[in-house]
Amino acid sequence: MRGKARVNLNTVIVLVFLAICSIGVLYPIVYVVSAAFTPGSSIALDIVPFGSGVTLDHFRYLFKNTNYPIWFRNTFIIAISTSISTVVLASLGAYVFSRFRFTLKKSLMTALLILQIFPSFIGMVAIYVILLRVGGLNTLWGLVLVYVAGNIPYNTWLVKSYIDTIPRSLDEAAIIDGASHFRVYWQIVMPVARPILTFLAIASFTGPWMDFIFPKLVLRSADKQTLALGLFSFVTDKKNQFTVFAAGSLLVAIPFVIFFIATQKLLIESLGASTVKE
Amino acid sequence: METSISLEPKPADAGGRKKVLIASIVFMGLGHILYLKQYLKGFFLATVEAVFIAFLPRITKALINLQTLGEPKPHLPIRLRDNSIFMLIDGVVVVAAVAVFIATYIISVRDAVTEYDQSRGRTVGIRESINKAFPVLGLAPSIGLIIFFVVVPLVFSACVAFTNYSSPAHIPPNNTVDWVGFDNFRALFGGSKIWTQALGRVALWTLIWGALATATCYFGGMLMAVILKESKIRIAPIFRTIFILPYAIPSVISMLVWQNLLNATFGTINRTLRALGIISVSIPWLGDPTMAKFTAVMINLWAGFPYFMLLISGSMSAIPQDIYEAAEIDGAGKFQVFSKIVFPIVLYQTAPLIIMSFTHNVNNFGAIFFLTGGGPVVPDTTVTSAGGTDILVTWIYNLTVNLNQYHYASVLAVMIFMVLAPIAIFNLQRTRSFREGEL
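Which chain is which? The protein sequence lines are A and B, in order.
Throughout the first sequence, residue numbering follows our numbering, covering 2 to 279 in sequence.
Throughout the second sequence, residue numbering follows our numbering, covering -4 to 434 in sequence.
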């Protein structure tokens, strides 16, 4: 009897604790959702969420009076190009690092590791001038080049350590059968490495959505803006349209949230796997 | 990996080998063309050297410019004056290009000799050449991109730390920039009182921030992971889904929302607390330097604990079940099992990621910039632009974008390098692939 009562008390304490934490976690989310549907453009939100009624005006405003669809399209183009290029280049590099011995290999690997610790914007003045010289300013591809270059060092390591775990007997057999290195890479190693490549594709796709510094540096004209720049402009620029900002943010965040919840099992597995392998 | 299989290994012919070596050293690719009959590769390498020679005058000029950074020519129209920054970047690019050329040269000579030992004059087809070049072709785009968009910018930044590139007197194209040796370092480390104090304050806070942000998120995440796993609550998956949300929401959005909620006058949090009668005076969440630091760490905990919760859940589920059972049979309590078995295993497995998380937090621009904007203002902010919660990277951003003090910003970048590079190398040395020498 006594034991059971204690277990129940423990469960209650844990439940209360989890409930309090949930409120803390959900607090800002509830307010941003409420702000997105609140009439008017006050920066002071209602104390009680949805306290002053519900309206879709801010969403209409986004699509009629702002370049929101263009921002969305630009960001999508940048994200998808960055994702594909990162996967291709990082996997090629990782395969070479994993399977070949060559001069300077160890130095190159160490260099990649040291380079990945820097936030790329430390060199932003130089990146600006280099893009100016190659005509990449105010273009989406210029921004993609910057992102891909920044992604390669760490992700080459990540994919390399995964490919290291694929038995070499697989590709050695294929080479004895006369397959070229490219075929081994494309038809044998890539399919086996699919889990890590999927993870990499997703991670490098989500990265550019909310980056702020480089779009601000590279993109100038109104038709080249990205979501982060556009949304940020609602809460600065002396506009203070927090409710419009909330509506725009909601539209970006919803797909992300659905995606993360749907893939949480995969996330736990891949994060767990990355620790065990070191 | 050994890939080319020579059918009849013959003893190496010392004379022929020497001829190949000398020809390859005299002109890149010559050995491949004359002795190895690898025309495609040979002509490609020869073209590289020809292009290099053709550009030699320009390369020399760029290197001279790198040394002088141009002369002030106030009588010329601005468009025609020497632009020191272009000269500096061109110089760094040229140095990088020369380094690549030298590396190619060395590789080509070594390749010629190895090829000679292996193929002994056998004609190599185009297909086989391309196949053999796979490692080079596979790495070339990555390395090219990294050199021009990562290495050159970083080297450029490091160089700027030794120049006077700053507003108002040294901004091209109006004025030139000059090399000043260690003057900037001297100014920041004792020379200029206000800057030295600001640097000490920001550097200390950056380290405290990195440590606190990592520790709170790690232990917060671990607490949640353990509770969700150990408590036999049926609705645990619902809680886990709720707790993932901060990880899923892009941080720019969540930080800007928090900034609004925490505003001292119109922020919802203070107004709610006042309406409930809990406080009578507004709490300056982001307005007081100490309070703002505390708030930043707490909000970062909100945003960062889900990552470690997921990570530690994954790591714990990889612990074999029989370890738990054996401990239970030996009479270990739940707390003992956790502190003596689960915690050490999880800590060991996640140690590299804790270190990575620390470097990430030291560089966590978004968590500070979008939440506090570096603020609040402290006494030296008007001069140095470093606010009460600014960490090194946000300060670099302010110095570059708002004040145009590129020289001091670059000194800070060099400092970040000196702190983080040893950590990264230490992290590398404990990985298995490094220890086993199969890097």
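Don't be surprised by glycine CBs; every beta carbon is placed ideally from N, CA and C.
Being a predicted model, the structure only gives us computed values, none of them experimental.
* Name the chain A residues whose beta carbon is nearer than 8 Å to that of B:S152? -> Ordered by position in chain A, the residues that pass the 8 Å Cβ test against B:S152 are I123, G124, V126, A127.
* May I have the straight-line CA-CA distance separating B:T389 from A:T140, to the nearest angstrom? => If you take the alpha carbons of B:T389 and A:T140, they lie about 26 Å apart.
* To do: Just mark B:E320 as buried or exposed, buried being the case when its beta carbon has 16 or more other beta carbons within 10 Å.
  => B:E320 comes out exposed.
* Alpha carbon of B:L202 to alpha carbon of B:A419, nearest angstrom -> When rounded, the separation of the alpha-carbon atoms in B:L202 and B:A419 is 16 Å.
* Proximal residues, the region 365 to 393 of chain B versus chain A, C-beta separation under 9 Å -> Residues passing the 9 Å Cβ filter: F365, V388, I391, Y392.
* Whole angstroms is fine: what's the gap from A:V193's alpha carbon to A:I167's? => If you take the alpha carbons of A:V193 and A:I167, they lie about 8 Å apart.
* **For A:H59: DSSP bridge partner residues** => As far as DSSP is concerned, A:H59 takes part in no beta bridge.
* When the Cα of B:A362 is compared with those of B:A259, B:Q254, B:R269, which residue comes out closest? -> Of all alpha-carbon atoms in B:A259, B:Q254, B:R269, the one lying nearest the alpha-carbon of B:A362 is that of B:Q254.
* chain A within 7 Å of B:F129, Cβ atoms only -> Closer than 7 Å: yes.
* To do: Using beta-carbon positions only, say whether B:A381 and B:V197 come within less than 7 Å of one another.
  => With contacts defined by Cβ atoms closer than 7 Å, B:A381 and B:V197 form a contacting pair.
* **CB of B:P67 within 7 Å of CB of B:T171, strictly** => A contact, by the Cβ cut-off of 7 Å.
* So who's on the other strand from B:T158, going by DSSP bridges? -> Residue pairing by DSSP places B:T158 opposite B:W174 in a beta bridge.
* C-beta neighbour in chain A for B:L2, strict 7 Å -> Confidence at B:L2 is low in this model, with a pLDDT of 44, below 50, so the placement of that residue is unreliable and no value is reported for it.
* Drop a sphere of 10 angstroms on the beta-carbon of B:M304, count the other beta-carbons inside from all chains shown, and report buried for 16 or more, exposed for fewer. => Buried.
* By Cβ distance, which residues of its chain are closer than 7 Å to B:G176, with the 5 residues on each side in sequence left out? -> For B:G176, same chain residues with a beta-carbon under 7 Å away, outside a window of 5 residues either side, are F157 in chain order.
* To do: Using the Cα positions of A:P216 and A:G143, report the straight-line distance between them to the nearest angstrom.
  => When rounded, the distance between both Cα atoms is 10 Å.
* Is it right to say B:P6 is buried, meaning 16 or more other beta carbons lie within 10 angstroms of its own, or is it exposed? -> Confidence in B:P6 is poor, its pLDDT being 49 and thus under 50, which makes the residue's placement unreliable; the coordinate value appears in the next sentence. Classification for B:P6: exposed.
* To do: Note the first and the last residue of the continuous alpha helix (DSSP H) segment covering B:T201.
  => Segment 188 to 225, the alpha helix (DSSP H) holding B:T201.
* To do: Measure the alpha-carbon distance for A:P120 versus B:L83 and round it to whole angstroms.
  => Between A:P120 and B:L83, the alpha-carbon positions lie close to 21 Å from each other.
* **Interface residues of chain B facing A:S23 [CB-CB closer than 7 Å]** => Those within 7 Å of A:S23 in chain B are F234, I237.
* Classify B:H70 as helix, strand or coil using the three-state DSSP reduction. => Taken through DSSP and simplified to helix, strand or coil, B:H70 comes out as coil.
* Could you please tell me which residues of the region 181 to 196 of chain A, in chain order, have their CB closer than 8 Å to any CB of chain B? => Along the region 181 to 196 of chain A, going in chain order, the ones with a CB nearer than 8 Å to a CB of chain B are S181, H182, F183, Y186.
* May I ask you to list the residues that DSSP assigns as paired with B:H450? => Residue 450 of chain B lies beyond the residue range present for chain B, which begins at -4 and ends at 434; the question has no answer from this structure.
* Inter-residue spacing [alpha-carbon to alpha-carbon] between A:A223 and A:L252 -> Straight-line Cα distance between these residues: approximately 21 Å.
* Straight-line Cα distance separating A:L93 from A:L114 -> Each residue's Cα considered, the two are about 17 Å apart.
* Leaving out the 5 sequence neighbours to the left and right, which residues in its chain are closer than 6 Å to B:D85 when beta-carbon positions are compared? -> Closer than 6 Å at the Cβ level, and outside the excluded window around B:D85, lie A57.
* Asked: Counting Cβ pairs, one atom from each stretch, are 3 or more of them under 8 Å apart for the region 124 to 140 of chain A and the region 67 to 74 of chain A?
  -> As far as the Cβ criterion goes, the region 124 to 140 of chain A does not touch the region 67 to 74 of chain A, which means the pair count is below three.
* Cβ-based contacts, 8 Å cut-off: residues of the region 228 to 262 of chain A near chain B -> Cβ contacts with chain B: A229, L232, F233, V236, F243, F246, A247, S250, V253, A254, F257, V258, F260, F261, I262.
* Asked: Could you give the distance in angstroms between the alpha-carbon of A:T1 and the alpha-carbon of B:P374?
  -> There is simply no residue 1 of chain A to check, as chain A begins at 2 and stops at 279 in what is shown.
* Backbone CA spacing between B:G328 and B:P232 [nearest angstrom] -> Cα-Cα distance, rounded: 25 Å.
* To do: Could you give the DSSP three-state label for A:K240: helix, strand or coil?
  => Coil, per DSSP.
* Taking B:G133 as the query, report the chain A residues whose CB atoms sit under 7 Å from its CB, ordered along the chain. => What B:G133 touches in chain A: L93, G94, Y96, V97.
* With 7 Å set as the bound, which would you pick, yes or no: does the beta-carbon of A:W158 sit closer than that to a beta-carbon of chain B? -> Judged by the 7 Å Cβ criterion, A:W158 is not in contact with chain B.
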